[in-house]
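Colleague:
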Amino acid sequence: MRWAVLLSGTLLYAALYSAVPLLPALERLFGAPPGSAGLGISLPFIALVLFSPLVPRLRLPVGRVVGGGLLGVGLLGGFAALAPTLGLWLVARALQGVAAAAVPGLSLALLPRLFPKRAQEMAGLWVAGNVLGGGLGRALGGFLGEVVGERLALLLLALPAAVPAFWLLRERETLTLPAPSYNLRAWPLYLMGFSLLFINFFVANLLPYRLEGLGLSKAQIGGVMLAYLAGIPGSALTGPLVRRLGEVRAVRLAFSLVVLGLLVQLPERSFAIVLGFVGMMAGLFTAQGICGGASGRQGSGVSSTYVAAFYLGGTAAGLVYPPFLHLGAGPALGLAALIAALSWGLAKRALEGGAGRSPA
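First residue of the sequence shown: 766, per the numbering used here; consecutive thereafter.
1) Would you call T850 buried or exposed, if buried means 16 or more other Cβ atoms sit within 10 Å of its Cβ?
2) So for S773, helix, strand or coil by DSSP?
3) Hey, A1052 and V1016: beta-carbon distance below 8 Å or not?
4) With distances taken Cα to Cα, identify the nearest neighbour of L853 among L897, G834, A769 and G805.
5) Please classify L771 as buried or exposed, where buried requires at least 16 neighbouring CB atoms within 10 angstroms.
6) Mind pulling the alpha helix (DSSP H) runs of 4 or more residues that sit fully within the stretch 801-877?
7) By DSSP, does S903 sit in helix, in strand, or in coil?
8) Could you tell me if V989 is buried or exposed, where buried requires 16 or more neighbouring beta carbons within 10 angstroms of its beta carbon?
9) Please determine, among L972, I1055 and S1068, the residue with the shortest C-alpha to C-alpha distance to R1034.
10) In the DSSP assignment, find the unbroken alpha helix (DSSP H) run with K1113 in it and report its ends.
11) First and last residue of the alpha helix (DSSP H) that includes V1029?
12) For S1000, report the span of its alpha helix (DSSP H) as first-last.
13) Give me the Cβ distance between M887 and L876, rounded to the nearest whole Å; I'm assuming they're in contact under 8 Å.
14) How do the stretch 1003-1017 and the stretch 905-914 stand: do at least 3 beta-carbon pairs fall below 8 Å, yes or no?
15) If distances are taken between C-alpha atoms only, which option among A1037, A1102 and E915 comes closest to F963?
16) Can you name, in chain order, every residue of its own chain whose Cβ lies under 6 Å from the Cβ of R1122, other than the five neighbours on each side?
17) Which residues in the same chain have their Cβ closer than 6 Å to the Cβ of P869, if we skip the five residues on either side of it in sequence?
18) What number of angstroms, rounded off, separates the C-alpha of V856 from the C-alpha of A812?
19) So, helix, strand or coil for A797, using DSSP?
20) Contact between the stretch 1082-1098 and the stretch 792-807: three or more CB pairs below 8 Å?
21) Within the same chain, show all residues whose beta-carbon is closer than 8 Å to that of L1049, passing over the 5 residues directly before and after it, in chain order.
22) Flag A884 as yes when its Cβ comes closer than 7 Å to any non-hydrogen atom of the ligand GTP, and as no otherwise.
23) Any idea what DSSP makes of A1037, helix, strand or coil?
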């Protein structure tokens, strides 16, 4: 079960994020106006927001819940790839999000149980796997969209999510977690989770339009999305970084890197945009590993609420970004930097208060 849980995030996020570099192409495929396909990114995360806090209340073996969610992500992703209209594609993507809600919160809560002596390190590796999946999903989405078309690209990247599902559904160990306890005093941690995916999605959703305007092809834009892989070293090294600096200083360092990366993206030059995007992603995923580990130590109630807040940030970004398509890069990057600065200020309260400690 341990390695299936770690692998599940990689395949889950490859399936969910593969549509990002294809948004302009999908709008042309469905004959829809610019920005309308962005709902296909937002809706799965609205479902994650709504259902993630409810999943821990299921009194079923955790492996079967996570496995069932992954199976649904793969099959519903296949249906979305074949949808004949934008409306059906959006419905399938929303249902894919309902299935996905079974995975992240329970996975974070499972890590201290599966790796009791290495929980923070495993949280970092779990986030690193998510980064790998998200980066490969975006990169391969653009590349395969160029080579085999948008539909087949989405199909090929959705179905592998069902692979670890079969391992988890056949798991004989009926591991369960304690009943969830929800802690509203952890709101600074939840707000930091919100900011992480808001900045991520807000900038990444605008990026294909900006790069397409500079003359890059779908395959080249997909290649730029490999910048997500910059988050792997930071998130994988979360444990040693926290041991050296402490959680508060480490997460503040990460958000400082986010702001620097946003500033570097201001010029209308592809090299500067890519370089800044790499730095921003490295900072975001380092902070995500630290915050995710802190939430997991509080049990399934806090971790699932953290996940809901995290994806609420992504949902908000998907709803907010279309007007910024016409405002230029400055206002968008300025908004993202302001939110990163707010999270920097909340770090001490979020991680040194009750949210960052294990329950007694």
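Quick reminder that beta carbons are idealized off the backbone N, C-alpha and C, glycines included.
Modeller: Checking against the coordinates, here is how it stands:
1) Within the sequence shown, numbered from 1, the residue matching residue 850 stands at position 85. Flag for T850 reads exposed.
2) What you label residue 773 is simply residue 8 of the sequence shown in a count that begins at 1. DSSP places S773 in helix when its eight states are reduced to three.
3) Here residue 1052 refers to the residue found at position 287 of the sequence shown. Here residue 1016 refers to the residue found at position 251 of the sequence shown. In contact: A1052 and V1016 (Cβ atoms closer than 8 Å).
4) As a first step, residue 853 must be located in the sequence shown, where it is residue number 88. For the residues L897, G834, A769 and G805, the minimum Cα distance to L853 belongs to G805.
5) Here residue 771 corresponds to residue number 6 of the sequence shown, with the count starting at 1. So L771 counts as buried.
6) 804-816, 827-847 and 851-865
7) One-based indexing of the sequence shown puts residue 903 at position 138. Note on residue identity: the sequence assigns Arg, not Ser, to residue 903. DSSP places R903 in helix when its eight states are reduced to three.
8) One-based indexing of the sequence shown puts residue 989 at position 224. By the neighbour-count rule (16 or more Cβ atoms within 10 Å), V989 is buried.
9) Here residue 1034 refers to the residue found at position 269 of the sequence shown. Measuring from the Cα of R1034, the nearest candidate turns out to be L972.
10) Taking the sequence shown and counting its residues from 1, the one referred to as residue 1113 is at position 348. Start and end: A1094 to E1117.
11) Position 264 of the sequence shown, counted from the first residue, corresponds to residue 1029. Residues E1012 to V1029.
12) Taking the first residue of the sequence shown as position 1, residue 1000 is located at position 235. First-last of the alpha helix (DSSP H) with S1000: G996 to A1001.
13) If you number the sequence shown from 1, residue 887 lands on position 122. If you number the sequence shown from 1, residue 876 lands on position 111. Confirmed, about 5 Å.
14) no
15) By 1-based counting over the sequence shown, the position of residue 963 is 198. Closest by alpha carbon: A1102.
16) Position 357 of the sequence shown, counted from the first residue, corresponds to residue 1122. Low confidence applies here, because R1122 scores a pLDDT of 48, under 50, leaving its location unreliable and the question unanswered by this model.
17) Position 104 of the sequence shown, counted from the first residue, corresponds to residue 869. Excluding positions up to five away in sequence, the list reads V1072.
18) In the sequence shown, residue 856 corresponds to position 91, counting from 1. In the sequence shown, residue 812 corresponds to position 47, counting from 1. When rounded, the distance between both Cα atoms is 11 Å.
19) Indexing the sequence shown from 1 puts residue 797 at position 32. The answer is coil: DSSP assigns A797 none of H, G, I, E or B.
20) yes
21) Counting from one through the sequence shown, the residue named residue 1049 turns up at place 284. Excluding sequence neighbours, L1049 sits near L961, I964, N965, G996, A1019 and V1023.
22) As presented, the structure is devoid of all ligands, the ligand GTP included, so that no description of it is given.
23) Start at 1 with the first residue of the sequence shown, and residue 1037 comes out as number 272. The answer is helix: DSSP assigns A1037 an H, G or I state.
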